[in-house]
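Trainee: Okay, handing you the structure first.
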Amino acid sequence: MVRIQPGALYAEPNQARRVRSVLLRLTLNVSMAPASTRPPISGHLQVRGKGNRCRYYASWWDETGSRRTTALGPAHVKDSGRRTPRGAIIWRTAPGPCPPGHLTPAMAEEALEALLDGARVAWASMAAELEPEPDGPTFGDAVDAWLEYLEIEKRREYGTLRDARNVAKAEFLPWFGKDTPLTKMVREEAVLQRGGRRFTEVQAERRDTFTTDDIDAFRRHLLSTKPSPRTAQKILILLHGVFKLAKRRKMILANPSADAERVSVPDSQIFNVLDPVEFEAVYRAVLLQQDDRPPGQRKEDAIDKLDDSERELFGAFLSTAFYAGLRLGELRDLPWRNVDFAGAMIRAETGFSEGRRSTTKGKRARSTPLVPTLSQRLAALGTRDRFTRDDDYVFSTAIGGRVTDKRARDVFYAALVRAGLGHRRAKQDLRGNPQQPIRIHDLRHSWCTWAVNVWDITRVQDYAGHTDVKTTRRYVHHKAKAEDADLAGAYLDSALSQPTVASH
353 MVRIQPGALY
363 AEPNQARRVR
373 SVLLRLTLNV
383 SMAPASTRPP
393 ISGHLQVRGK
403 GNRCRYYASW
413 WDETGSRRTT
423 ALGPAHVKDS
433 GRRTPRGAII
443 WRTAPGPCPP
453 GHLTPAMAEE
463 ALEALLDGAR
473 VAWASMAAEL
483 EPEPDGPTFG
493 DAVDAWLEYL
503 EIEKRREYGT
513 LRDARNVAKA
523 EFLPWFGKDT
533 PLTKMVREEA
543 VLQRGGRRFT
553 EVQAERRDTF
563 TTDDIDAFRR
573 HLLSTKPSPR
583 TAQKILILLH
593 GVFKLAKRRK
603 MILANPSADA
613 ERVSVPDSQI
623 FNVLDPVEFE
633 AVYRAVLLQQ
643 DDRPPGQRKE
653 DAIDKLDDSE
663 RELFGAFLST
673 AFYAGLRLGE
683 LRDLPWRNVD
693 FAGAMIRAET
703 GFSEGRRSTT
713 KGKRARSTPL
723 VPTLSQRLAA
733 LGTRDRFTRD
743 DDYVFSTAIG
753 GRVTDKRARD
763 VFYAALVRAG
773 LGHRRAKQDL
783 RGNPQQPIRI
793 HDLRHSWCTW
803 AVNVWDITRV
813 QDYAGHTDVK
823 TTRRYVHHKA
833 KAEDADLAGA
843 YLDSALSQPT
853 VASH
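First residue of the sequence shown: 353, per this note's numbering; consecutive thereafter.
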């Protein structure tokens, strides 16, 4: 809080002439008090004493309504011979130069105005301190509005909403404060002089509490505490959404994150994927046809707990991920009616995650080719005794429900070990270099890497359900370059077969 005590504007009386106006800025999280509540701040000058002992005094009322008398200094004045209507002497400047430290009538008037100006500013500070906080929106209100917007208007999936709520609770509210007002009142009190008279103007302006500097500080905090820049990037994207909605709903004047520095996360376009030969080894491991584990390390795993029908089911489950590129939730919710053997295609229309059915990630249905290898495995699965009607799940449990994502992951990771690929689950490769541990979702990445060698990129985009072709282009470097290599080889053979020219 800025407070100016009466008289603090003038250290010496003869400095009064140098000051013509004062502009003070008070930043307060309060609204302005009504001007009618301000006590009358006024005063007048008095000259006491005679001859060379005349002194100026200010008799005035301060910000509390109390009457005060302040000695201003020796007076350099003489009687003008005129009187006020009430009979007081009207003083004029005495002849000769004004001695140091003395006051002429004009200088005394300015000294009095300085006292009154200080009282007005002090009253403004006191009034602000006594005012209750405004009933405006808080940061917590903005977060609540954003979460409701995601759920009702944007219809985000349950998992997306859960992540947004968790980030808001763990990151946003502790850092920015749930009860922090989104805006604050900035008061400007200007002491002006017009037409020889001084008066005070008080103006209030609504301004945003959070600035770009606050967002940058939060970004630095995330980068220093989170395990990866990608995590910080995702959190900042969500925060941008909070302030973007708050601005659109007039809760703030500007989005403080709009100009904040972004977290750049380069896409290395390197995936931990399986080629067809490696996947077939995984498939055989699920069916108990391959086990490359040393005899002393063959502990019971998820595959040992499966019966024959379940091994066939999970073998087909993983095959559909690798040969059709379906996501885990899409596999769990796949009905038989969406497997078109005659049309050689699989339609992905819905998904299932976090205990709820949902749309596909791209929010639109798609179809992908049903390759012969996968067609044979799904056809064999369709010969089971139960749960083969159109609405039954292709990958159903013994009682007709969906298989759990945990069992699918456990079987896949156990099969990797049995196929001699357990090292792909480590954070370092066999040479000690860092690598991203392979996940079951990487079977979809594996499909994309071999698909770009079969179909053009726009078809792969459609089959994969990518909304942006840039996502599909991440796999282009896996496309075989045999034709281009042959062209380059022919050119080099021609160039190298030319006779050499001897140098002189």
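We put the beta carbon where it would ideally sit given N, CA and C, even for glycine.
If you draw a straight line from the alpha carbon of glutamate 509 to that of serine 798, how long is it in whole angstroms?
Mentor: One C-alpha to the other measures close to 26 Å.
Trainee: Taking DSSP as the reference, what is the three-state secondary structure of alanine 771?
Mentor: If DSSP states are grouped into helix, strand and coil, alanine 771 belongs with coil.
Trainee: What does the alpha-carbon distance come out to for the pair phenylalanine 666 and arginine 689?
Mentor: Roughly 19 Å between the two C-alpha positions.
Trainee: Leaving out five residues before and five after valine 828 in sequence, what residues of the same chain have Cβ atoms less than 8 Å from its Cβ?
Mentor: Val804, Ile809.
Trainee: Less than 9 Å between the C-beta atoms of arginine 444 and proline 426, yes or no?
Mentor: No, the pair does not count as a contact, with Cβ atoms beyond the cut-off.
Trainee: Suppose the cutoff is 7 Å on Cβ atoms and the five residues either side in sequence are ignored; what does the same chain contact list for proline 484 look like?
Mentor: Because the pLDDT of proline 484 is 44, which lies under 50, any placement of that residue in the model is unreliable, and the number read from its coordinates should be weighed accordingly. Nothing listed; no residue qualifies.
Trainee: Compute the distance between the beta-carbons of phenylalanine 570 and leucine 534, then report whether it is under 9 Å.
Mentor: Not in contact: phenylalanine 570 and leucine 534 (Cβ atoms no closer than 9 Å).
Trainee: Indicate, with yes or no, if the ligand NAD has a heavy atom lying under 8 Å from the CB of leucine 640.
Mentor: The model on display carries no ligand, and the ligand NAD is accordingly not part of it.
Trainee: Mapping the DSSP letters down to three states, classify arginine 434 as helix, strand or coil.
Mentor: In the structure shown, arginine 434 sits in a strand (DSSP, three-state: E or B).
Trainee: I think serine 334 touches leucine 468, with their Cβ atoms under 8 Å apart; what is that distance to the nearest whole Å?
Mentor: For residue 334 there is no data in the structure shown, the boundaries of the chain being 353 and 856.
Trainee: Is arginine 438 buried or exposed, if buried means 16 or more other CB atoms sit within 10 Å of its CB?
Mentor: Classification for arginine 438: exposed.
Trainee: Among Asp487, Gly488, Leu795, Ala410, which one has its Cα closest to the Cα of methionine 459?
Mentor: The residue with the shortest Cα to Cα distance from methionine 459 is Ala410.
Trainee: Report yes if the C-beta distance between serine 671 and arginine 729 is below 9 Å; otherwise report no.
Mentor: Closer than 9 Å, so yes.
Trainee: Exposed or buried, which one is aspartate 743 when buried takes at least 16 other CB atoms within 10 Å?
Mentor: Exposed.
Trainee: Kindly indicate which three-state DSSP category leucine 424 falls into: helix, strand or coil?
Mentor: In this structure, leucine 424 counts as strand in the three-state DSSP scheme.
Trainee: Quick check: what's the CA-CA separation for phenylalanine 524 versus leucine 658?
Mentor: About 45 Å.
Trainee: Which residue marks the beginning of the beta strand (DSSP E) containing proline 721, and which one marks its end?
Mentor: Segment 718-721, the beta strand (DSSP E) holding proline 721.
Trainee: Beta-carbon within less than 7 Å of alanine 516's beta-carbon, same chain only, minus the 5 sequence neighbours each way: which residues are those?
Mentor: The answer, listed in chain order, is Leu499, Leu502, Leu590.
Trainee: In whole angstroms, give me the CA-to-CA distance for aspartate 611 and threonine 564.
Mentor: Using only the alpha carbons, I get a separation of about 7 Å.
Trainee: Under 9 Å between the Cβ atoms of tyrosine 815 and threonine 725?
Mentor: No, the Cβ-Cβ distance between tyrosine 815 and threonine 725 is not below 9 Å.
Trainee: Looking at the structure shown, is leucine 839 part of a helix, part of a strand, or coil, going by DSSP?
Mentor: Note: leucine 839 maps to helix in three-state DSSP.
Trainee: I'd like the span of the beta strand (DSSP E) that includes glutamine 398, first residue to last.
Mentor: Residues 395-400.
Trainee: Which residue comes first and which comes last in the beta strand (DSSP E) that contains isoleucine 442?
Mentor: That run of the beta strand (DSSP E) goes 441-445.
Trainee: How long is the line joining the alpha carbons of aspartate 568 and valine 615, rounded to whole angstroms?
Mentor: Straight-line Cα distance between these residues: approximately 10 Å.
Trainee: Using DSSP with H/G/I as helix, E/B as strand and the rest coil, what is tryptophan 802?
Mentor: The answer is helix: DSSP assigns tryptophan 802 an H, G or I state.
Trainee: Output the boundary residues of the alpha helix (DSSP H) element that contains serine 411.
Mentor: First-last for serine 411: 407-413, but that is the beta strand (DSSP E), not the alpha helix (DSSP H).
Trainee: Just how far apart, CA to CA, sit alanine 522 and aspartate 692?
Mentor: Rounded to whole angstroms, alanine 522 to aspartate 692 spans 46 Å at the Cα level.
Trainee: What do you get for glutamate 415, buried or exposed, if any count of 16 or more other CB atoms within 10 angstroms of its CB means buried?
Mentor: The residue is buried, with at least 16 neighbouring Cβ atoms inside 10 Å.
Trainee: Report yes if the C-beta distance between glycine 734 and tyrosine 745 is below 9 Å; otherwise report no.
Mentor: Cβ atoms of glycine 734 and tyrosine 745: not closer than 9 Å.
Trainee: Which of the three DSSP states, helix, strand or coil, is assigned to arginine 614?
Mentor: The answer is coil: DSSP assigns arginine 614 none of H, G, I, E or B.
Trainee: Please classify isoleucine 698: does DSSP put it in a helix, a strand, or coil?
Mentor: Reduced to three states, the DSSP call for isoleucine 698 is strand.
Trainee: Among the residues of its own chain, which have a CB less than 6 Å from the CB of alanine 840, if the five just before and after it don't count?
Mentor: For alanine 840, where only same-chain residues beyond five positions count, there are no Cβ hits under 6 Å.
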